[in-house]
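Take a look at the structure below.
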Amino acid sequence: MNSKFRTLSLYGLLGVVTLVLLFGLSRVENRLESQIKEHHLRFTGQIENAPPLVAFTTVALGSFRGLIADLLWLRAGALQEKGNYYEMAQLARWLTDLQPTFSGATAYLAWNMAYNISVTCSDFADRWRWVNEGIRLIRDRALLYNPEDPVLYKDLAWIFQHKMGNYMDDANQYYKVQLAQAMTEVIGNTDDFTDWAAAPADAKEFMASFGGNEKLWEAAMKAGYPDEAALYAAFVENKAKLPEAFTAALRNAELAKKIDLAFRVRLLKQRFKLDAKLVHEINQKYGKLDWRLPEAQAIYWARMGLLKTPGGKDINCERVVSQSLYEAFRSGRLMLADTKDFSTAQMAPNLELADAVKRTFEEAYENNDRQSTFFSVKINFMKEAIVMMFRYGKFKKAEEYFKELAKIDGDPKKYRTMEAFVMHRFTEEVRDASVKKAGELVASLIWRSLYFLVYNEHDAAVANERLARFVYKSYMSGTAKGQETRVGLPPYDDIKKGVVENCLKFFPPAMSRILKAKIAEEQAAEAAGDKQK
């Protein structure tokens, strides 16, 4: 009896101790979870927003996930050594799903596909496929599991800025065109996202806005779309266009426009993971970016990194923003001579961003104890901006920058007039130029003038023609000032005629047709002017 009582007492005591320990562990676990949330720490346990497969592997496989991941890493390395890359994309997805919070590994896999594997392909389409796989691995998968990891945002932004936006890869133009085509299907050529930011962003918001519109749903049923999901699916399948049967039944152009915009906002988020509200905020902060080009996307993801990172500060994301903004100023605007023919696509400066770029340099100067390096960077940028604005016919803005530069740089001899400042650069090139070099410079400026004429950039065309004539006169005035050894150039009109003939010969067919029409218009206008005289 006593033995049985002691046994029961011991079991009871052990039960009490167990309950106390469990209670203590529960308190410790709750404390750890609160600290994890407070300090934004990542962990390898259960993750939010995970698809069913990832949720299953993280719970069911437990520590065995590491062993499986190791085997997949070995497999990936062996495939890459043999040059067999076709399994790499799937392996990268599996590795990300097995270790979803191991963001460093995902960043490496994405970089490997976008940089190392892509350049082994001679075909540009194959290269683009690997670059795009690298982007999607981070943007569509890894960030779902690691929404507060600045490394992933920085690496994603860097692929857009450096791999696609830079000129080091000879397929960069192809990348830009592919991105522009894909984005154009969704956003067209808009650079104003004010209405986009206010439009419904998902199915729930759509129904809140349009759920009570009986005419809309009557038209949808009549066109064969029983609910909102079916109508949106048809919109996506129809290459981001509302079905004609629906718009015909609706017979309300204004309402159709609102529905179209709401679906585009949702497709932008679904396909490119871009939030229209943040796109609008970035435009308000920096100026109207061309969202069809990689620089704008790089700014978006670096900006997202700053917004998601605890404390809102990350030096790498900040650098990507400033660098991408500068590159967008230099070549962040898409020009299409024929809006239906992307073979005519060319990049041009986005001069509207000049103030934002200058402001970032000023902020860097103030935030870094007014170091002279940042002041010099600002000065050099302003000099470049003045010349670029002049060449694109933005004379008023160039004059504004010139006056500011003259005040802060402090050498009055260098800054007599804006035109003298700009022409000085070309005068230096012409002063000791050979006849061949001078002729090439004049011809290149004429070519740029014709080029901008095709793209309806009238101010830029006029500015480059003006520079061409200035360079021609500067060179020819040198031959008239006793430089007997200097050979004169052919008449300016003859040089221009030769450039026009070459442009008509080598431009894409669509551009040649436009140039012929423009030249015919100019000749008709000149003939009419001569008659009036």
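The sequence shown begins at 87 in the working numbering and counts up by one.
Backbone N, C-alpha and C fix where the C-beta goes; we use that ideal spot for every residue, glycine too.
Predicted model only: the values in this text are computed from it and were never measured.
Extent of the continuous beta strand (DSSP E) to which LEU422 belongs: The residue you call residue 422 lines up with position 336 of the sequence shown. Its beta strand (DSSP E) spans residues 419–422.
Three CB pairs or more closer than 8 Å across the region 376–389 and the region 253–267: yes
GLY101 burial status per 10 Å Cβ neighbour count (16 or more: buried): Walking along the sequence shown from the start, residue 101 turns up at place 15. So GLY101 ends up on the exposed side.
Three-state secondary structure assigned by DSSP to MET254: In the sequence shown, residue 254 corresponds to position 168, counting from 1. If DSSP states are grouped into helix, strand and coil, MET254 belongs with coil.
VAL114 burial status per 10 Å Cβ neighbour count (16 or more: buried): Taking the sequence shown and counting its residues from 1, one reaches residue 114 at position 28. It is exposed - the Cβ of VAL114 has fewer than 16 other Cβ atoms within 10 Å.
Residue burial classification, LEU439 (beta-carbon count within 10 angstroms, cutoff 16): Residue 439 sits at position 353 when you count from the first residue of the sequence shown. Buried, by the Cβ-count rule.
Cβ-Cβ separation, ALA529 to TYR478 (assumed contact under 8 Å), whole Å: For this step, residue 478 is matched to residue 392 along the sequence shown. For this step, residue 529 is matched to residue 443 along the sequence shown. About 19 Å separates the two Cβ atoms, so there is no contact after all.
Sequence-distant residues of the same chain with beta carbon closer than 6 Å to ILE224, five excluded per side: Position 138 of the sequence shown, counting from 1, holds the residue named residue 224. Result list for ILE224: ALA196, LEU238 and LEU242, in chain order.
Proximity of PHE447 and LYS469 at Cβ, strictly below 8 Å: Translated into the one-based positions of the sequence shown, residue 447 becomes position 361. Translated into the one-based positions of the sequence shown, residue 469 becomes position 383. In this structure, LYS469 does not lie closer than 8 Å to PHE447 by Cβ.
Cβ-based neighbour list, ALA289, same chain, cut-off 8 Å, excluding 5 preceding and 5 following: Mapped onto the sequence shown, residue 289 falls at position 203. Cβ neighbours of ALA289 beyond the five flanking positions: GLU314, ALA315, TYR318 and ARG352.
Proximity to LYS344 [Cα-Cα], best of ALA283, ARG92 and GLN609: As a position in the sequence shown, residue 344 is number 258, starting the count at 1. Comparing Cα positions, the closest option is ALA283.
ALA388 (DSSP reduced to helix, strand or coil): For this step, residue 388 is matched to residue 302 along the sequence shown. Three-state DSSP puts ALA388 in a helix.
Unbroken alpha helix (DSSP H) run spanning GLN356, endpoints: The count along the sequence shown starts at 1 and reaches residue 356 at position 270. 339–358 is the span of the alpha helix (DSSP H), which, as asked, contains GLN356.
Sequence-distant residues of the same chain with beta carbon closer than 8 Å to LYS602, five excluded per side: What you label residue 602 is simply residue 516 of the sequence shown in a count that begins at 1. Excluding residues within five positions, the ones whose Cβ falls inside 8 Å are LEU590.
Residue closest to LEU527, alpha-carbon to alpha-carbon, out of SER417, ASN550 and THR270: Residue numbering aside, residue 527 sits at position 441 when the sequence shown is read from its first letter. Nearest of SER417, ASN550 and THR270 to LEU527, Cα basis: ASN550.
Opposing strand residues paired with ALA431 [DSSP bridges]: The sequence position of residue 431 within the sequence shown is 345, counting from 1. DSSP, once it has assigned bridges, lists LEU422 as partnering ALA431.
Span separating the alpha-carbon of SER560 from that of ALA431: As a working note, residue 560 is residue 474 in the sequence shown. As a working note, residue 431 is residue 345 in the sequence shown. If you take the alpha carbons of SER560 and ALA431, they lie about 34 Å apart.
Test: GLY101 CB closer than 8 Å to a CB of chain B: No chain B appears in the structure shown, which is made up of a single protein chain.
Integer-rounded CB distance, given that LEU336 should sit under 8 Å from ALA305: Along the sequence shown, read from residue 1 onward, the residue named residue 305 stands at position 219. Along the sequence shown, read from residue 1 onward, the residue named residue 336 stands at position 250. Confirmed, about 4 Å.
Start-to-end residues for the alpha helix (DSSP H) that takes in HIS366: Counted from its first residue, the sequence shown places residue 366 at position 280. Here the alpha helix (DSSP H) through HIS366 covers 362–372.
Chain-order list of residues whose beta-carbon lies under 7 Å from that of VAL548 (same chain, five-residue window excluded): Translated into positions along the sequence shown, residue 548 becomes position 462. So the qualifying residues of the chain are GLY479.
Sequence-distant residues of its chain with Cβ nearer than 6 Å to SER535 (five each side left out): One-based indexing of the sequence shown puts residue 535 at position 449. Here the set comprises ALA547, ASN550 and GLU551.
Contact set for VAL106: own chain, Cβ-Cβ below 8 Å, skip 5 residues either direction: In the sequence shown, the residue the question calls residue 106 occupies position 20. Result list for VAL106: empty, nothing under 8 Å.
Local conformation of GLU551 per DSSP, three classes: Looking up residue 551 in the sequence shown gives position 465. Correct three-state label for GLU551: helix.
beta-carbon SER560 near the ligand COA non-hydrogen atom, thresh 7 Å: You won't find the ligand COA in this model; it holds no ligand whatsoever.
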